[in-house]
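With the working numbering, the residue at position 24 of the sequence shown is 283, and numbering never jumps.
Below is one structure, written out as structure tokens; the observations come after it.
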Amino acid sequence: NIIIIMRTATLSNIKRVVSVFILRQNNNDEAQVALFRRCSQMPTFGGHWAAISGSIETQDVSPLATAVREVCEETNLGE
């Protein structure tokens with residue numbers, strides 16, 4: 260089973276972002292969290308491990324739509 264947790268936030272009252280945490284339980288009943296290394300050229304937290312995140316764009320109909328878009332853009336899970 261895979262559990263997806265979504266969190267939204269407004270940063271500095273400038274942009275709204277969504278973060279997606281992908282969790283699963285392994286065969287030993289231990290929780291595993293998928294983290295992704297951010298590109299070192301990113302202006303914020305470059306090179307750090309993080310959940311998938313991204314800005315909520317005007318064309319996104321909801322934070323959930325943003326989360327789905329970001330997961331598809333940053334992983335191969337949507338293909």
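Yeah, the Cβ is synthetic: ideal placement off N, Cα and C, and Gly gets one too.
Remember, it's a predicted structure, so these values are computed and weren't measured experimentally.
Checking the DSSP bridge columns, you'll see S278 partnered with R266, S312. Less than 8 angstroms divides the Cβ of V277 from the Cβ of G313. Close CB contacts of R296 within its chain, under the 6 angstroms cut and outside five residues either way in sequence, are with W308 (chain order).
The residue from N286, N287, I281 with its alpha-carbon nearest to that of C331 is I281.
Counting only the Cα atoms, I311 lies some 7 angstroms from E333.
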